[in-house]
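Chains as they are written, first to last, in my numbering: chain A, 12 to 123; chain B, 304 to 435.
C-beta: ideal position from N, C-alpha, C; glycine also.
Shown next, in structure tokens, is the structure this report addresses.
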């Protein structure tokens with residue numbers, strides 16, 4: 012647990028609304044979920060561009076380039092710079108996965 | 304204060320501006336504190352140069368540096384993607400036991416692949432200046 016300083020002007024109001032710790036915790040939870048949801052939307056949108064261009068999801072593409080020599084040769088004909096695309100694609104696909112896991116963790120912690 | 308990955312990307316962009324013409328950032332994103340990527344292009348004489356790097360949370364980097372001629376044909380490329388041909392060159396029949404290993408390699412104009420040492424952007428620019 013990390014201690015956070017709260018501006019005294021909020022303390023009286025929060026006290027009036029109920030337990031300060033619970034209120035602050037809920038506010039932080041809501042803010043974090045909102046931020047993560049926003050990033051999930053953005054990452055999903057960016058990753059989708061590559062999924063459309065290459066006709067598959069990132070994980071399948073990685074498996075194919077790692078294992079199928081014919082696939083790599085064919086993909087190079089259509090996308091000569093696929094390795095350059097792969098860096099951006101990885102950024103959004105793995106970022107999306109991480110954010111979804113973080114969101115799941117927050118929801119899990121909320122459950123009694 | 305910039306995070307290490309973000310700082311490296313910024314230095315790469317500045318180096319690109321010093322060594323290439325008409326530099327354009329095609330894509331760039333940071334996910335602090337540890338992840339960042341860049342995809343830019345620029346001109347070197349009549350050649351089109353494409354540069355891509357991703358810096359990951361574990362500190363590893365995947366890079367791709369490419370030179371295209373005026374007809375957009377690849378003249379040379381250096382990257383360390385998990386290329387199955389590169390793994391076969393290095394490990395032969397045991398390539399499948401190194402499935403997602405990233406190996407530095409060079410793409411030649413005729414479609415061949417050669418294994419190389421690790422390359423960074425400065426090394427790539429030096430190679431271009433010495434060989435093209």
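Between residue i and the ligand GDP, is the CB less than 7 Å from at least one heavy atom?
i                     : result
residue 385 (chain B) : The ligand GDP is not part of the structure shown, which contains no ligands of any sort.
Using a cut-off of 8 Å between C-beta atoms, extract the partners of residue i located in chain B.
i                    : result
residue 19 (chain A) : Going along chain B, no residue has its Cβ under 8 Å from residue 19 (chain A), so there is no contact; the nearest lies around 29 Å.
residue 43 (chain A) : Neighbours of residue 43 (chain A) on chain B: none; closest Cβ ~15 Å, over 8 Å.
residue 79 (chain A) : 387
Since residue i meets chain A, which of its residues come closer than 8 Å, beta carbon to beta carbon?
i                     : result
residue 384 (chain B) : 76, 94, 97
Residue range of the beta strand (DSSP E) that residue i falls in?
i                     : result
residue 356 (chain B) : 350–358
residue 338 (chain B) : 338–347
residue 44 (chain A)  : Counting along the chain, residue 44 (chain A) falls outside any beta strand (DSSP E), though it belongs to the alpha helix (DSSP H) covering 31–65.
residue 370 (chain B) : 364–371
residue 410 (chain B) : 408–410
residue 418 (chain B) : 416–418
What are the boundary residues of the alpha helix (DSSP H) that includes residue i?
i                     : result
residue 88 (chain A)  : 80–89
residue 293 (chain B) : This structure does not reach residue 293 (chain B), given that chain B is present from 304 up to 435, and the question cannot be answered.
Determine whether the beta carbon atoms of residue i and residue j lie at a separation below 8 Å.
i                     : j                     : result
residue 408 (chain B) : residue 418 (chain B) : yes
residue 106 (chain A) : residue 338 (chain B) : yes
residue 386 (chain B) : residue 39 (chain A)  : no
residue 355 (chain B) : residue 98 (chain A)  : yes
residue 328 (chain B) : residue 343 (chain B) : yes
residue 117 (chain A) : residue 43 (chain A)  : yes
residue 102 (chain A) : residue 332 (chain B) : yes
residue 383 (chain B) : residue 366 (chain B) : yes
residue 335 (chain B) : residue 309 (chain B) : yes
residue 58 (chain A)  : residue 100 (chain A) : yes
residue 381 (chain B) : residue 357 (chain B) : no
residue 95 (chain A)  : residue 353 (chain B) : yes
residue 25 (chain A)  : residue 35 (chain A)  : yes
residue 345 (chain B) : residue 370 (chain B) : no
residue 388 (chain B) : residue 83 (chain A)  : yes
residue 47 (chain A)  : residue 87 (chain A)  : no
residue 318 (chain B) : residue 427 (chain B) : no
residue 406 (chain B) : residue 391 (chain B) : no
residue 91 (chain A)  : residue 377 (chain B) : yes
Helix, strand or coil for residue i per DSSP?
i                     : result
residue 92 (chain A)  : coil
residue 17 (chain A)  : coil
residue 386 (chain B) : coil
residue 101 (chain A) : helix
residue 380 (chain B) : strand
residue 329 (chain B) : strand
residue 23 (chain A)  : helix
residue 111 (chain A) : helix
residue 334 (chain B) : strand
residue 435 (chain B) : coil
residue 28 (chain A)  : helix
residue 405 (chain B) : coil
residue 71 (chain A)  : helix
residue 430 (chain B) : helix
I want to verify the contact list: residues of chain A whose CB lies under 7 Å from the CB of residue i, in sequence order.
i                     : result
residue 437 (chain B) : Absent from the structure is residue 437 (chain B), since the part of chain B shown begins at 304 and ends at 435.
residue 332 (chain B) : 102
residue 369 (chain B) : 92, 95
Note down, in chain order, every chain A residue with its Cβ under 9 Å from the Cβ of residue i.
i                     : result
residue 365 (chain B) : 94, 97, 98, 101
residue 402 (chain B) : 74, 77, 78
Please compile the residues from chain B whose C-beta is within a distance smaller than 9 Å of the C-beta of residue i.
i                    : result
residue 13 (chain A) : What residue 13 (chain A) touches in chain B: nothing, since even the nearest Cβ is about 16 Å away.
Mind listing the chain B neighbours of residue i? Cutoff is C-beta to C-beta under 7 Å, in chain order.
i                    : result
residue 83 (chain A) : 386, 387, 388
Checklist entry - Name the residues in the region 337–361 of chain B whose C-beta lies less than 7 Å from a C-beta of chain A; which are they? => result Residues passing the 7 Å Cβ filter: 338, 340, 342, 353, 355, 356, 357.
Taking only beta carbons into account, state which residues of the region 101–116 of chain A come closer than 7 Å to chain B, listed in chain order. Answer set for the region 101–116 of chain A: 101, 102, 106.
Against chain B: residues of the region 34–66 of chain A by CB proximity under 7 Å
Those would be none; no residue qualifies.
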